[in-house]
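Residue numbers (numbering that gives the first Met the number 0), protein chains in the order written: chain A, 0 to 383; chain B, 0 to 700.
For reference, the structure is listed below as structure tokens.
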Amino acid sequence: MTNQDTWPELPGYTDDILNEVFSHFQQRLNADLEGVETEDGREHLRIKWLGRKSGLLKQINDTYVQKTPPEFKKNVGHRFNAFRQSVEFELDPRKISKRTGIAVETLEQLGGGQSKKVVEKSVIDITLPGIRPTLGMEHPLIRTMQEIVRVFEHMGYSVGVGPEVETDYYNFEALNFPPDHPARDTQDTLVVARQEHKPLRDRLLLRTHTSPVQIRTMERQPPPVRIVIPGKVHRNDAADATHSPIFHQVEGLCVDENITFSDLKGTLDHAMKELFGSSVRTRFFPSFFPFTEPSADVQISCIFCGGKGCRKCKHSGWIELLGCGMVNPAVFEFVRGKQPAYDPKKISGFAFGMGVDRIAMMKYGISDIGLLYSGDMRFLEQFA
Amino acid sequence: MKILSAWLRSYLPALEVSDRQLADDLTLRGIAVEGVFDLGPGNGSLFEMDITTNRVDAMNHYGIAREVAAIYDIPLAPLDASLPAAKPAKLPFPVRIEANDLCGRFTARVLRDVNIAPSSGDVTQRFALLEQKLIGNAVDATNFVTMAMGHPTHAFDLDKVEGGIVVRRAQAGERLRLLDGTERALAAEDLVVADEKRALALAGVMGGWDTMITPETKNILVEAAWFDPGAVRRSSRRHGLHTDASHRFERGADFAAAPIASALVSRLILAAGGHMEGELIDVVVPEIAARTIERPAISLHLREVARILGKTANGRPIDASTVERYLTGLGVGMQKAAAEMYVAALPSWRLDLEHEIDLIEEIARLHGYNRFANTLPPFAGSVTELPWAAKETALRRALRAAGYTEAIGSTFCSAIDAATFAQQPNSWVPLGNPLSEEVGCLRPSLVPGMLSMLAHNLNREVDDLRLFEMGAIFSGGTERVHEKPSLVLGATGTAIAPHPLAGMRDYSFYDLKGIAEELLARFVTKSIYFDTFPASTGLMPSWLHPARAARVVVDGETIGFFGELAAPEAQSRKLRQTVFVGEFDLERLFHRALRAPAVRDLSCFPAVVRDFSFTFPDAVHWRQIADALLSLAIQEMRSIEPREIFRDKKEASGQYALLLRAVFQAQDRTLRLEELHDWARRIFAALMELGGQPRFPLELL
Ligand SMILES: [Zn+2]
């Protein structure tokens, strides 16, 4: 490159053209800087680029900036100034220092990125992992339980809770379990020690379902009732991949005049669509629970295969998810002592319940229920 | 339970649907067929069934056939209980029911000169398909009849029976060797079938060894009876014997079925030779008959059917003729008593039907649940959240943002842990039937569970941990249990995620204290302070490090304790790194309202920062320094904070150097130098009063 360069005319003043031209100048500068090794060479370059009479910078100024039509002057001018700074920064930092009052050393540290020396000094390995803030994870059961509760809240259900240690009366008797029902057996129910001297109804046990809260709620308030009850329950089950002595349920109760079995069906069908997506279908099978009649088991169409059949639904296309039914009039009779408005001839209602653990396990593909109660970080940190 | 479709079809000559269709239709009516297995040409299918406990009547082929007949409205063939004529007996066989509250009916039939031989015909063929073991014609006959129509029977070797039959309660300690070879000591509540000398069988559960049928048996007594469900259940549980017979009796057998079962069994045995002697002895207890076979009819109102079941999918209500058809098909005697009302006579085999609602359920079931509409009930109320739901959410959010992951631990702990972690001495709740000693008590604190979870992770080389759990803890005793919500935090390892280019720092007491401060800041409080007591006072939990633990007090109430885990506790759990843990009483905390954000005006005048560097004796704690400076009541002092603390590690000088930073700012003016100088002078004086020595003279500020 010589100072006798001919300067081609600009074909126009668009951003693209100007960018290309000034990038070309920058490349020229970079190429010159590459070849310089000594202070003498550097001085030579300084004169070549910054020379007052015929330095390249002056030529660029004369050839382009001065001849630019006024409407494009701003566009060309700021590019030229940036380039001039870049040349000065590399070849005569003192000049900038004088103009700005910033020390030469500081300028070198600030480095616009052009100085090889400065760049080399500030190289970092951007491929190293970032420093990530530690964020706590939501427990999958809490998350699932809250999702279910929210669906029913939107349908007008208030939230209720009750104690985990219950009496036989609330856990069994008032729910129409006969005195010698197998569920009452200590093989199925965890009981508090030394209860034998108490009347059966006062004996303390760990609730085996959240249904006692139905009774407690009805005793407290006359109909109408719409309540959803999330909670922890316990059974005398040895732990394995699908059993845990601790698990969680969400239960619901709706009591009013003229609540029907078709209302129960519609409510759960709607709730399952809210929870798992609008394409989910439900189907109901007769079942048996002492506190509901008619009683039903509810299946939803498989959320993984849409009902075609897959491993998760054991190729049936359906997944069993809920137990439910119309509140047995005998249950209302138990409550009537405290709230006479629960006259089974005048009001009716339905109740439903679902296992939160099972739903969470299905949703997240958890194969061992024990993981939910282990506090194992390797498991929990996946719920980001 | 296994059911053969061919056996079902033998009772249903008009049944045309395929086995698969049949299985689906039964399942949708609550008679659940879990699996259908093809048994090859001409053999039909094997149904693997799951019958709900209330439907003992459907735990056999004839009962299911009855359901099928009702579903498709087709005829059900009657059971053939006809028998050849009996030779007359000199005297009727003596049968006496002593325990007439537990045995409602006892039939006895005497068969003479029988031939104990291998079974044949339907028995061998069907047993083969069911993979049921063949024993001999007499025993096979009783099993076959149970599978056929559900009523358990028993065959005694009549020559081993001394005198007649007595159905009575056992004598406490009376011994009986059962068919399974075990010898049992009976309880006074056990119901037995006995002869005049001894107990022969545990009624409704299992026959006795001494009177069992052998190849040498010549004469047989066939028992078909009705035993009280509770009595059978209690004996079955007491002796840990769950048999086909007990399974059925304890769910309520058909009072009317005993003579039919007896006839069916006798027919099968006599097919190989022998004859009956005398007529069937049939002893009935009228009080129990009145409760079962003769229980009163109930009324059924069509209005109730509509009120409970609502709309069907095609919009039409279930009409009278449909109701009549469904229930008649199930054996209910339907008598129209008024325009919209029936009187329904209940079948003897359905003791589960007692009330109008039971009949309504049968109607819904036979109609098919999925043929009802999906409707939504109208709602005009309001929704109330739990009063503390927002507080729980606020805590969870703050904890997660601070890097704490939620965990759910065990509700149980060992008695040793219960004693160690109980919040009041001896206030904890043992279980009566724990799964093991390790989980013998309800947790009186969330701390032991948290320590287990930390240990679980540390044992798996996961070393940097921050966990929390919110849940109920239990105090009191076996008489009364108090349950309250609690929060536990557990942390160990590094305080910030390790990075090769960033500094490492271990989790410390102050990290945990910071979280406690941050959580409490969510609530409206008047005062919060932290203090500690010497171990000798017993006021601090024993599981906390005696010097590195604190109590937090809010508005005069203890809210929690936290700090480093005491070394003995860490060692006994083999925790090989320092662990920090704290528990907070949410019942108390939740009495306080959540704090709503309140904004103060931002000053548009510059803030001035002043640092003070002092040396203090170790005995002077930050709290005293802060209190002293706050008591100066300098309104413009926005904040004071300890910036650096330096202790000479080599020399135990009993002193430390503190760099303290104060920030001053006024709302209404730029601060003047004279003001600042005056405040600095007062701060100097206050700090020197506490025993502080300035490291630089005041003039240098
Ligand atoms: Zn599927």
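Cβ coordinates follow ideal geometry from the N, Cα and C atoms, glycine included.
For chain A, find out if any of its Cβ atoms is closer than 9 Å to the Cβ of residue i; answer yes or no.
i: Arg232 of chain B; result: yes
i: Val428 of chain B; result: yes
i: Ala202 of chain B; result: no
i: Asp357 of chain B; result: yes
i: Thr26 of chain B; result: yes
i: Pro295 of chain B; result: no
i: Met275 of chain B; result: no
i: Met58 of chain B; result: no
i: Ser451 of chain B; result: yes
i: Pro447 of chain B; result: no
I'd like to know whether the C-beta of residue i is nearer than 9 Å to at least one C-beta of chain B.
i: His138 of chain A; result: yes
i: Glu242 of chain A; result: Reading off the sequence shown, one finds His at residue 242 of chain A, where the question assumed Glu. Chain B, which has no Cβ nearer than 9 Å to the Cβ of His242 of chain A, makes this no.
i: Gln65 of chain A; result: no
i: Ser342 of chain A; result: It is worth fixing the name first, because residue 342 of chain A is Asp in this sequence and not Ser. Not one chain B Cβ lies under 9 Å of Asp342 of chain A.
i: Tyr156 of chain A; result: yes
i: Val122 of chain A; result: no
i: Phe275 of chain A; result: no
i: Glu152 of chain A; result: yes
i: Asn2 of chain A; result: With a pLDDT of 48 at Asn2 of chain A, under the threshold of 50, the modelled position of that residue is not reliable, and no figure is offered here.
i: Leu9 of chain A; result: no
i: Lys264 of chain A; result: yes
i: Val190 of chain A; result: yes
i: Asn235 of chain A; result: yes
i: Glu42 of chain A; result: no
i: Cys312 of chain A; result: no
i: Phe171 of chain A; result: no
Run through the DSSP bridge pairs and tell me what residue i is partnered with.
i: Phe246 of chain A; result: A:Val232
i: Pro429 of chain B; result: B:Cys440
i: Ser294 of chain A; result: A:Ser286, A:Gly324
i: Thr26 of chain B; result: DSSP output for Thr26 of chain B lists no bridge partner at all.
i: Ala107 of chain B; result: B:Glu222, B:Ile280
i: Ile644 of chain B; result: B:Leu657
i: Cys253 of chain A; result: A:Arg225, A:Phe349
Identify the continuous alpha helix (DSSP H) that holds residue i and give its terminal residues.
i: Pro181 of chain A; result: Looking at the DSSP string, Pro181 of chain A is not in any alpha helix (DSSP H), and its letter there is neither H nor E.
i: Asp39 of chain A; result: 38 to 49
i: Gln26 of chain A; result: 14 to 33
i: Ser381 of chain B; result: Looking at the DSSP string, Ser381 of chain B is not in any alpha helix (DSSP H), and its letter there is neither H nor E.
i: Met449 of chain B; result: 446 to 457
Just to check my reading of the structure: residue i and residue j have Cβ atoms closer than 8 Å, yes? What is that Cβ distance to the nearest angstrom?
i: Phe21 of chain A; j: Arg78 of chain A; result: 5 Å
i: Phe284 of chain A; j: Gly29 of chain B; result: 6 Å
i: Ile472 of chain B; j: Leu430 of chain B; result: That belief does not hold up - the Cβ atoms of Ile472 of chain B and Leu430 of chain B are roughly 15 Å apart, past 8 Å.
i: Val212 of chain A; j: Leu385 of chain B; result: That pair is no contact at about 12 Å.
i: Leu11 of chain B; j: Val67 of chain B; result: 6 Å
i: Glu250 of chain A; j: Ile228 of chain A; result: 4 Å
i: Glu172 of chain A; j: Arg200 of chain A; result: 5 Å
When the Cα atoms are used, what is the spatial distance from residue i to residue j?
i: Ile527 of chain B; j: Ala549 of chain B; result: 12 Å
i: Thr291 of chain A; j: Pro343 of chain A; result: 13 Å
i: Gly112 of chain A; j: Thr99 of chain A; result: Residue confidence for Gly112 of chain A is low, a pLDDT of 44 falling below 50, so the modelled location carries little weight; the figure read from the coordinates is stated next. C-alpha separation (whole angstroms): 19 Å.
i: His590 of chain B; j: Ala350 of chain A; result: 32 Å
i: Gly54 of chain A; j: Asp61 of chain A; result: 11 Å
i: Thr143 of chain A; j: Ala595 of chain B; result: 28 Å
i: Asp626 of chain B; j: Arg609 of chain B; result: 18 Å
i: Ile358 of chain A; j: Tyr372 of chain A; result: 15 Å
i: Thr242 of chain B; j: Val190 of chain A; result: 27 Å
i: Asn170 of chain A; j: Thr207 of chain A; result: 7 Å
i: Ser278 of chain A; j: Leu21 of chain B; result: 28 Å
i: Arg572 of chain B; j: Thr557 of chain B; result: 28 Å
i: Glu586 of chain B; j: Gly135 of chain A; result: 24 Å
Span of the beta strand (DSSP E) holding residue i?
i: Glu563 of chain B; result: 556 to 564
i: Ala192 of chain A; result: Run containing Ala192 of chain A: none; DSSP gives neither H nor E here.
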